[in-house]
Amino acid sequence: MNRVFSSEWIKIARPSTLLGWMGPVVLFAIMGTIFNFTEAATEAGQFRGPFGIAPGPAQLAAPDGWIIGMHSASSFIGLIALAIFATNIAREYEKGTIRILLVAEPRRIQLLIGKLLALSSFVVVIAAGATIITMLVSMALAPSQNISMDAWLSWQGLLELLKGFASISLATIVWGLIGGVLAIVARSAAISISIGVGFLFIFELLIGQFAEAIGTKLPATVLGALASGGTFTIDYSTALALSLVYGVASIAISLYIFIRRDVTD
Amino acid sequence: MNNLSQITTEDKPALAVDGLTKIFGRITAVEGLTFTMPRGGVIGFVGPNGAGKSTTIRMILGLIRPTKGSAEILGHGICKPYSYIRKVGALVEAPVFYPGLSGSNNLKALAKLGGYPSENIPRVLETVGLMSRASDKVANYSLGMKQRLGIAAALLPEPELLILDEPTNGLDPAGIVEIRNLLRQIGNSGRTVFVSTHLLSEVEVEADRLVMIHNGRLVFAGELAEIMKKACNSVLARPENAADMTLLTEIVREAGYSFNQEGNSIIVDAPMYWAPELNRHATSKGINLRELRPQCESLEDIFLNMTRGEAAV
Numbered sequence: 076m077n078r079v080f081s082s083e084w085i086k087i088a089r090p091s092t093l094l095g096w097m098g099p100v101v102l103f104a105i106m107g108t109i110f111n112f113t114e115a116a117t118e119a120g121q122f123r124g125p126f127g128i129a130p131g132p133a134q135l136a137a138p139d140g141w142i143i144g145m146h147s148a149s150s151f152i153g154l155i156a157l158a159i160f161a162t163n164i165a166r167e168y169e170k171g172t173i174r175i176l177l178v179a180e181p182r183r184i185q186l187l188i189g190k191l192l193a194l195s196s197f198v199v200v201i202a203a204g205a206t207i208i209t210m211l212v213s214m215a216l217a218p219s220q221n222i223s224m225d226a227w228l229s230w231q232g233l234l235e236l237l238k239g240f241a242s243i244s245l246a247t248i249v250w251g252l253i254g255g256v257l258a259i260v261a262r263s264a265a266i267s268i269s270i271g272v273g274f275l276f277i278f279e280l281l282i283g284q285f286a287e288a289i290g291t292k293l294p295a296t297v298l299g300a301l302a303s304g305g306t307f308t309i310d311y312s313t314a315l316a317l318s319l320v321y322g323v324a325s326i327a328i329s330l331y332i333f334i335r336r337d338v339t340d
Numbered sequence: 006m007n008n009l010s011q012i013t014t015e016d017k018p019a020l021a022v023d024g025l026t027k028i029f030g031r032i033t034a035v036e037g038l039t040f041t042m043p044r045g046g047v048i049g050f051v052g053p054n055g056a057g058k059s060t061t062i063r064m065i066l067g068l069i070r071p072t073k074g075s076a077e078i079l080g081h082g083i084c085k086p087y088s089y090i091r092k093v094g095a096l097v098e099a100p101v102f103y104p105g106l107s108g109s110n111n112l113k114a115l116a117k118l119g120g121y122p123s124e125n126i127p128r129v130l131e132t133v134g135l136m137s138r139a140s141d142k143v144a145n146y147s148l149g150m151k152q153r154l155g156i157a158a159a160l161l162p163e164p165e166l167l168i169l170d171e172p173t174n175g176l177d178p179a180g181i182v183e184i185r186n187l188l189r190q191i192g193n194s195g196r197t198v199f200v201s202t203h204l205l206s207e208v209e210v211e212a213d214r215l216v217m218i219h220n221g222r223l224v225f226a227g228e229l230a231e232i233m234k235k236a237c238n239s240v241l242a243r244p245e246n247a248a249d250m251t252l253l254t255e256i257v258r259e260a261g262y263s264f265n266q267e268g269n270s271i272i273v274d275a276p277m278y279w280a281p282e283l284n285r286h287a288t289s290k291g292i293n294l295r296e297l298r299p300q301c302e303s304l305e306d307i308f309l310n311m312t313r314g315e316a317a318v
């Protein structure tokens, strides 16, 4: 498994790959943070914009206030993670490189798990980069909006930071695992990303409109709640448990198909 | 116990295929393929496009699960490819790599994945003549260079068995000769090269043994010399003086062989070992022969004769 992990990182650690994926995430996190701080001051936390409902000044001054921008950007980061997993795995089939991988490492469980671990670590690095930028932008904007940073820099603030980062990372990984299973089923990056985006961002919203009870249990809602530390409709522990179920189910389906399917062109 | 099992597998043939069959839906790609090939030398795996060569290679490498039958590679069953794959180097169909990585980084990723020593990378790049372009991105490689990189990747594990699927595709004539010499060199070193191709003329010059398939079924498996011996079943004789033709045909007729006259030559349906006897008879009757040589069919002709009447899949 270590060999697969190291090998995979040779492919994904290229600056162009890292910056290409991290760039949009960081940009989105910065925009989300700027939106939160500017709208919080003017609309007392009730403004609804492209990044959701802006938090109020009190919420921004809370211990987790400095990474609230990440909550706003979490769905976008999840989408990027889905695309990273889907592109990486589907391209192995599209280009035929899956053959050389399986000739070098024919143990399919090890190969897939090693690959998923490498991709998971990659999206965590991206999430970490975006979190750091969000913190720095928050600290830069707070004085101009009269938001106190005292709670952020307390022990409680550091704990909230760690919890927030862990939640966002886990949600991002599960987004990626969903992208991975779609890629293994479809063996096409374009199709798997289209299905993922179509279901998670359109179909799921429609289901939520008609059947709220089911809607709150669907992946995008659950993962959004996990990344935000819980929402009004789904609490944190439920979101965590359901996210783990989605993650494990994705791995199990991926492995089942990957082990059984012949590698043909 | 470990030593015993090592001795046992080392005594086993390079490839022992028993009734290997693969059915995709309604199409039978490979049917009851059975052959055994000892270790060492170059084995040509030939057949026209669509004969089932790549499917067989994929089954051998564990990429495809056989519908029926079994096979042993270096003494290990193909149901557990991990038990033999580290002794096997392979290039399956067209060489594929990560275009954004350099040639050497592609090999580095493969070496890490397979657990092969990274010191092998410069050696294999040198072997295939790609050292000077090793740091270039594969996206900028020509088809021939990718083919060479594919062979380099197959050589990374220092394999006991090298399996190459159409390795000379895309190479220029000089490259083909280089690769042919390389395969010969590997085969002569005691290792086994199993090379598939649809170009029968290619294996005619480089292989020691042959596995010939058509429509997924075995046509021939054995020594190349054996099949070529059968191919040389006529003798061409040309008298120096055309007027001696009648006398020459009488000699052939007396020996009980049939013949065809083609211009100033006759082609006798006799085995090649009869040629010296014909020469003796002709000399004793005062006929000087300008030309006397066995007439051999090409491997392509033999293949076509052996598979005549079979419809393509």
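Those protein sequences? They're chains Z and H, same order as listed. For the first sequence, the working numbering gives the first residue as 76, with consecutive numbering after it. For the second sequence, the working numbering gives the first residue as 6, with consecutive numbering after it. For every residue, glycine included, the Cβ atom is placed at its ideal position computed from N, Cα and C.
- Taking 8 Å as the threshold, the shortest C-beta distance from Ala258(Z) to chain H does not fall below it.
- With a threshold of 8 Å between beta carbons, Ile69(H) makes contact with chain Z.
- For Lys190(Z), the number of other beta carbons within 10 angstroms of its own is at least 16, and it is reported as buried.
- Sequence-distant partners of Thr60(H) (beyond 5 residues in either direction) whose C-beta falls short of 6 Å from its own C-beta, in its chain, are Lys27, Ala34, Val35.
- In terms of Cα proximity to Ala137(Z), the closest of Asn77(Z), Arg182(Z), Asp225(Z), Ile105(Z) is Asp225(Z).
- In the DSSP assignment, Glu305(H) falls within the unbroken alpha helix (DSSP H) covering 304-312.
- Residues of chain Z whose Cβ lies closer than 8 Å to the Cβ of Val97(H) are, in chain order, Arg174, Ile175, Val178.
- With a contact defined as Cβ atoms closer than 8 Å, Trp141(Z) and Trp227(Z) qualify at about 4 Å.
- The CB of Val22(H) never comes closer than 9 Å to any CB in chain Z; the least such distance is about 18 Å.
- Nearest CB-CB separation between Ser196(Z) and chain H: not below the 8 Å threshold.
- Contacts with chain H at 8 Å (Cβ-Cβ) include Thr339(Z).
- Assignment of Lys117(H) by DSSP, reduced to helix, strand and coil, places it in the helix class.
- By alpha-carbon distance to Ser289(H), the top candidate from Asn265(H), Thr312(H), Lys73(H), Leu252(H) is Leu252(H).
- A straight line joining the alpha-carbon of Ser206(H) with that of Leu223(H) spans about 19 Å.
- If only complete runs of 4 or more residues are kept, the stretch 28-88 of chain H shows the alpha helix (DSSP H) at 58-65, in order along the chain.
- With respect to Lys73(H), Gly24(H) sits close: the two C-beta atoms are nearer than 8 Å.
- Close to Val100(Z), with beta-carbon spacing below 7 Å, lies no residue of chain H; the smallest spacing is near 20 Å.
- Rounded to whole angstroms, the separation of the alpha carbons of Ile184(H) and Pro181(Z) is 27 Å.
- Residue burial is scored here from C-beta neighbours: Arg31(H) has fewer than 16 other C-beta atoms within 10 angstroms and is therefore classed as exposed.
- For Asn186(H), the uninterrupted alpha helix (DSSP H) run begins and ends at 178-193, by DSSP.
- Closer than 9 Å at the C-beta level to chain Z, one finds these residues of the stretch 113-125 of chain H: Lys113, Ala114, Leu115, Ala116, Lys117, Leu118, Gly119, Gly120, Tyr121.
- What Gly171(Z) touches in chain H, judged by beta-carbon distance under 8 Å, is Glu98, Ala99, Val101, going in chain order.
- Closest in C-alpha terms to Ser303(Z), from the list Pro294(Z), Ser149(Z), Val79(Z), Arg89(Z), comes Ser149(Z).
- From the beta-carbon of Gly175(H), no residue of chain Z is found nearer than 9 Å; the closest lies around 15 Å away.
- Under a criterion of Cβ atoms nearer than 8 Å, the residues of chain H adjacent to Pro181(Z) are, in order, Leu66, Gly67, Pro86, Tyr87, Ile90.
- For Ser318(Z) and Glu279(Z), the gap between their C-alpha atoms comes out near 16 Å.
- Take Arg262(Z), set aside five residues on each side of it, and the residues of its chain with a beta-carbon closer than 8 Å to its own are Ala165, Tyr168, Glu169, in chain order.
- Between Ile78(H) and Leu166(H), the gap from beta carbon to beta carbon is short of 8 Å.
- Within the stretch 42-58 of chain H, no residue has its Cβ closer than 9 Å to any Cβ of chain Z.
- In the three-state reduction of the DSSP assignment, Thr247(Z) falls in the helix class.
- With a 10 Å radius around the Cβ and a threshold of 16 neighbouring Cβ atoms, Gln152(H) comes out buried.
- For Met217(H), the enclosing beta strand (DSSP E) has its first and last residue at 214-219.
- With contact defined as three or more Cβ pairs closer than 8 Å, the stretch 152-166 of chain Z and the stretch 253-270 of chain Z are in contact.
- Ala76(H) is a Cβ neighbour of Met64(H), given a cutoff of 8 Å.
- Per DSSP, Ser263(H) is not a residue of any alpha helix (DSSP H), being assigned neither H nor E.
- Listed as beta-bridge partners of Ile168(H) by DSSP are Ala95(H), Phe199(H).
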